[in-house]
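-5 is the number of the first residue of the first sequence in the working numbering; add one for each residue after it. For reference, the structure discussed in these notes is given below.
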Amino acid sequence: MGRYDFKEVEVRWQDYWDENDTYATTEDPSRKKLYVLDMFPYPSGDGLHVGHPEGYTATDIISRKRRMEGWNVLHPMGWDAFGLPAENFAIKRGVHPKGITRQNIRNFRRQLRMLGFSYDWSREIDTSDPAYYRWTQWLFLFLYRKGLAYKKKAPVNWCESCRTVLANEQVLDGRCERCSHEVTQKDLEQWFFRVTDYADRLLEGLDGLDWPERIKLMQQNWIGRSEGVEIVFRGEDADGGFDVPVFTTRPDTLFGVTYVVLAPEHPAVSRLTAADRREEVEGYLRAARTKTDLQRTGLEQEKTGVPLGSTLVHPLSGEPVPVWTADYVLGSYGTGAVMGVPAHDERDYSFAQRYGLPISFVIRPEDEAVAGFTEGAAYTGAGILSGSGEFDGLGSEEAKDRIAAALVDCSLGERKTNYHLRDWLISRQRYWGAPIPIVYCDRCGEQPVPEEQLPVLLPDDVDFRPTGESPLARSEDFHRATCPECGQAARRESDTMDTFVDSSWYFLRFTSPHEGERPFSDHAVNYWCPVDVYVGGAEHAVLHLLYARFFTKVLCDHGLLPFEEPFLRLRNPGLILGENGEKMSKSKGNVINPDDVVDRYGADVMRLYEMFMGDFEDAKPWDTRGIVGLRRFLDRVWTTVHDTVHERRETVSPELERLLHRTVKKVTEDIEDFKFNTAISALMILLNEWTRVGGGDRGLLSVYLRLLAPFAPHLAEELWRLIGHESSIFQADWPAWDETLAAEEEVEVVVQVNGKVRDRFLAPAGTDEDELKRRARESDKVKNALQGGKIKKVIVVRGRLVSIVASRD
RNA sequence: GCGGACGUGGCGGAACGGCAGACGCGCCAGGCUUAGGACCUGGUGGGGGCGACCCCGUGGAGGUUCGAGUCCUCCCGUCCGCACCA
């Protein structure tokens, strides 16, 4: 028989699959389809880390199993190839990002092949390939024509270290998500996508998705819808009267207002500043401008502000209300102005305390003792209104509505919904990305590049070191263009697009990767999409996943797609931690390299181990010692199959047959539920029984190999061949199970007395309640436990237990 | 601060509200072997008993239930998001 030489066998089957196009997929409307997708990787110079194969193995198992069940499965792979790391590396080494990226892709492809994944490589895509980004540019123009891409000067997040602007989503704790450099604000002319137009739809669409609840919540919070009222406070100066609207979700607290605060960037600040306060106010504004967001919004910061020396008129009481400016109010949210209600808002309370502003309670809980009400702190709960004129005595919920209605009646208020979500800033002042297809003409202004001129090629010969100016602006050849409208000399847009634009539509391209006339062909997208199973890291909860949903909705609205949610089912693999339980990182020296693992134990073992480690979605530490268990498992499969083949047994023992049917059921269901660990465990249990009691025949063997095949494809192919099959095991049918055989024939029934297990007995599976009760009462142990006490009640769960409740006397 | 996930042997982890610890690692004993490794068999939560068995056990404290690792309330701890959003 010989030992199982995984090195020779695995490479041989990988070659076989390539040569036979085993995993090539074509559209076939007569067959049911399944689109199983991994988030395509950024091909980094470090190669695969052990986290990649976790998700890839899961989707591979599902894909292989479903193919065997007769589904037409689309399972592609590609490269999110544009991006900063390659560019930064290229700058450091004085080489070109294109070369680096190619090299990295080669390495990734080698590693994925080594792990035996069943991708249809004929569909491979690369976002940095002009054949791809041509369509990224096409889609930019599509959005532009629909009024969803626009340019504006705006304060934007700037990372001085990366020398580029960042999307809100790429700023973490006031720092750049790439390099952790502190992010500052800069006023720049930038391109945006109008994501905010889709805020409500992005929110509503979440309901129907089979996604982790946590991810849905993160998207909900990110969109941050809040309903309230815009309330007008009137101001007046020498030039006449004007409105200062504030946004609040608590109109019921309107009579508790003791001041109004404007953000430092609010346009009315200057107008409302009294002459004798001007110097101090301007000093404050200057200071606020130089603060970073981190300094300004960090929670630990004490709130600061200055009074403007003027007042506004309260819309309902008519009383004058002093105006302040303070940088705890954000210019970018709501109206950039808030009403200060220190009695019922914690932020306002601390601000009022610090500056000695009055605190006026207008809502009290019905039972102050129960609610822990005290005037020594803000009360933010519900209650009954007082000191609020005609609204006194109302509950706060009703008051919200009544006060809002009163304001609307006298045109001093408007019901309004606000969102945290901002429009998506897509301009990047960097080289390694898709150029934005726009030219600027002195005569005709901003002009989209005509479709037939796409792609706008990224020039190779550019000094791409970042200076804050876009590197493309320094390429004369690139920068100089002719106006598509008038033919005069014009300037080309020199910024590139955020790489998240590339990845917002790649799943559509996979359906027709060689389509030359459009980004994707209708029939292909209609057949394959939406993605049925999508697997990838939770770090994309609000970036990629939100943008891809936005793109899909836009394309759907304009007739290019017949669906508006791209990913029906989403799962996030749990983080694989280092052996010490900490995050893997080079600096901690606890990184495990997949190449080493495959070299030592083989691809099948690597796959099996990662699936066996624990719950797919939980974080779990790597344990090199634990891998050997999976190696042993496969070695035992190898020897057991050989033994069984040589025995030439024709019948299987009934016990083993029943276990086999249970295992088929378990493995089939567990794969669909992402419970790969217990599926593997079931395969181990069956093998243990098979070797322990013997009695396996060739039929069992055939079924067993097919169950194992999605997990350990190389070994399964090799043994499939051994038992006499000519073609790939993946052309075989997935095994079926017989429900009656899968059911236990005989069950162990537990007998409890007052909640404690006192005995257990075997009974045929279908035994009725009376019989179970009778047998339970007969038990000596039960009698002993009863000690003559009276039986008050007997609960029977058929096939499981008899629970006797008895008095203790 | 808010939101979410989680807490089970020496370790990774299993358990439709119904036998806690499946499966794997590790460890112990035995077999095979010149020896070691590999492999095979058995054992392995804690405590007690010669033993059949008994008691205690799922972060802590309560509760619901015939029955709680699982459901509810509070507390402690770990991890992950968001964070002055008015």
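Here a beta-carbon is modelled for each residue, glycine too, at the ideal position from N, C-alpha and C.
From the listed residues 502, 529, 513 and 510, the smallest Cα separation to residue 521 is found for 502.
Of the candidates 82, 511, 255 and 47, 47 places its Cα closest to the Cα of residue 597. Taken in chain order, the whole alpha helix (DSSP H) runs of length 4 or more contained in the region 738 to 782 are 763 to 772 and 774 to 780.
As a beta-bridge residue in DSSP terms, residue 315 pairs with 306. Secondary structure within the region 18 to 93: the beta strand (DSSP E) runs of 3 or more consecutive residues, fully enclosed, are 27 to 32 and 66 to 68 (chain order). In this chain, the beta strand (DSSP E) harbouring residue 412 covers 407 to 412. With a contact defined as Cβ atoms closer than 8 Å, residue 737 and residue 757 miss out at about 14 Å. Restricting attention to alpha helix (DSSP H) runs no shorter than 4 residues, the region 542 to 627 encloses them at 588 to 595 and 597 to 606, ordered along the chain. Taking the Cβ atoms as the reference, residue 189 lies roughly 6 Å from residue 417, within the contact range of under 8 Å.
The shortest C-alpha to C-alpha distance from residue 31 to any of 573, 732, 500 and 380 is the one to 500.
Under the DSSP definition of a beta bridge, residue 664 lacks any partner.
In the three-state reduction of the DSSP assignment, residue 267 falls in the coil class. From the listed residues 498, 121 and 423, the smallest Cα separation to residue 159 is found for 423. In the structure shown, the three-state DSSP call for residue 693 is helix. Runs of the alpha helix (DSSP H) lying entirely within the region 453 to 528, each at least 4 residues long, are 470 to 473, 493 to 496, 500 to 503 and 516 to 522 in chain order.
Closest in alpha carbon position to residue 389, among 359, 793 and 413, is 359. Judged by DSSP secondary structure, residue 181 falls within the beta strand (DSSP E) whose first and last residues are 177 to 187. Scanning its chain for C-beta atoms nearer than 8 Å, with the 5 sequence neighbours on each side dropped, one finds around residue 52 the residues 529, 565, 567, 605, 610, 668 and 670, in chain order. Under DSSP, residue 435 takes part in a beta bridge, and its partners are 439. Bounds of the alpha helix (DSSP H) holding residue 713 are 707 to 716. In this structure, residue 380 lies near residue 356, with their beta-carbon atoms less than 8 Å apart.
The C-beta separation of residue 310 from residue 234 comes to about 22 Å, leaving the pair out of contact by the 8 Å criterion. By the Cβ neighbour-count rule, residue 153 is buried, with 16 or more other Cβ atoms within 10 Å of its own. In this structure the region 460 to 480 does not touch the region 509 to 521; the number of beta carbon pairs closer than 8 Å is below three. Residue range 795 to 800 is occupied by the beta strand (DSSP E) that includes residue 798. Secondary structure of residue 151 (DSSP, three-state): strand. Residue 130 and residue 66 have their C-alpha atoms some 28 Å from each other. Contact annotation: the region 681 to 701 does not touch the region 76 to 88, with fewer than three C-beta pairs closer than 8 Å. The distance from the Cβ of residue 145 to that of residue 440 is about 7 Å, consistent with a contact at the 8 Å cut-off. If you check the CB distance, residue 651 and residue 735 come in under 8 Å. The residues 497, 498, 499, 501, 560 and 561, in chain order, have a CB closer than 8 Å to that of residue 542 in the same chain once the five nearest residues on each side in sequence are set aside.
Distance between residue 367 and residue 267, taken at the CA atoms: about 37 Å. Contact between residue 251 and residue 315 holds: CB atoms are separated by about 6 Å, below the 8 Å threshold. If you ignore the 5 residues before and after residue 228, its C-beta comes within less than 7 Å of the C-beta of 235, 237, 306 and 307, all in its own chain and listed in chain order. In the DSSP assignment, residue 1 falls within the alpha helix (DSSP H) that extends over 0 to 13. Per DSSP, residue 403 is one residue of the alpha helix (DSSP H) stretching across 390 to 403.
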